[in-house]
Amino acid sequence: MISEKMQSAFLDQINKELYSEYLYLSMKAYFANLNLQGFVNWMDVQIQEEHAHAMGMFDYVIERGGKVTLEAIDKPQCDWQSPYEVFKAILAHEQYVTSRINALADVAQETNDRAAMILINWYIKEQVEEESNVGGVLAQLEMIGNDKHALYALDKELAQRTFTAPVIG
Ligand code: OFO
């Protein structure tokens, strides 16, 4: 049985993962309006990943005999100055999520919940990958600057990203 404290920390994180999904959906709309279909595809994969992250915790709480109650999802930002600014915002957001996953690990430790720790370890590793993926695209965008041809080439590259459902835990 999951403790009240651990459950409430997971519910809070489920909300943050769903917010991530919502934020990335908003960014997808931004790229769709610029007709950058590779960036749209990249965001689509990211949206599916965030949904899977939320559901991994959702299923876990229920599996441990807990109760999932959902809160409202905050309104995401809907406009940015450039693709570079979008990826800067994604990196900042992922760094924030990493700090929240670490706080979740702190609760698992405080409550001596070893099963939760195993699950949370997966998310800790996943955040390393998330930050690295986003940081890679951000570095490319920084090099590209105002070069439209290079942006077009990056768009083609991002069109190749595919979603593989993660095995969480
Ligand atoms: Fe769920 O990793 Fe991004 O936010």
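Counting in my numbering, the sequence shown runs from 26 upward without gaps.
For each residue, glycine too, the CB sits at the ideal point set by N, CA and C.
Which residue's Cα is closest to the Cα of residue i: the options?
| i | options | result |
| --- | --- | --- |
| E110 | A130, L95, F83 and Q165 | Q165 |
| E42 | F188, G170 and V122 | V122 |
| D104 | A57, G161 and V159 | A57 |
| N66 | L95, P191, I193 and T187 | T187 |
| M52 | Q38, V70, L36 and I39 | V70 |
| N158 | D138, F112, S124 and G194 | F112 |
| L192 | L163, E156 and A77 | Before going on, a small fix: residue 192 reads as Val here, not Leu. If we check each option's Cα against that of V192, A77 comes out closest. |
| E154 | Q120, G63, F83 and E182 | Q120 |
| L36 | G81, L61, Y55 and F64 | G81 |
| Q140 | V86, G63, E167 and V93 | Looking at the sequence provided, one finds Ala at residue 140 rather than Gln. Residue V86 is the option with its Cα nearest to A140. |
| E151 | G194, E182 and E88 | G194 |
Leaving out five residues before and five after residue i in sequence, what residues of the same chain have Cβ atoms less than 7 Å from its Cβ?
| i | result |
| --- | --- |
| V132 | K30, M31 and A34 |
| I169 | A175, L176 and L179 |
| A259 | The requested residue 259 is not part of the displayed model; the chain covers only 26 to 194. |
Here's a check: name, in chain order, each residue in its chain whose Cβ is nearer than 6 Å to the Cβ of residue i, leaving out the five neighbours to either side.
| i | result |
| --- | --- |
| L48 | P101 |
| S45 | E75 |
| M142 | A133 |
| A79 | I39, E42 and L43 |
| D138 | M31 |
Rounded to a whole number of angstroms, what is the C-alpha to C-alpha distance between residue i and residue j?
| i | j | result |
| --- | --- | --- |
| P108 | A184 | 15 Å |
| H118 | G90 | 31 Å |
| I149 | I126 | 7 Å |
| I27 | T136 | 10 Å |
| T189 | W147 | 16 Å |
| Q73 | D172 | 30 Å |
| G161 | M68 | 15 Å |
| L59 | L116 | 21 Å |
| L50 | K92 | 27 Å |
| L61 | A114 | 18 Å |
Got a sec? Which residues, its chain only, sit under 8 Å from residue i by beta carbon, not counting five neighbours each side?
| i | result |
| --- | --- |
| I145 | I126, L129, A130 and A133 |
| N40 | L95, E96 and I98 |
| Y55 | C103, D104, W105 and V111 |
Which residues, in chain order, sit with a beta-carbon under 6 Å away from any heavy atom of the ligand OFO? E42, S45, E75, H78, E119, V122 and E155
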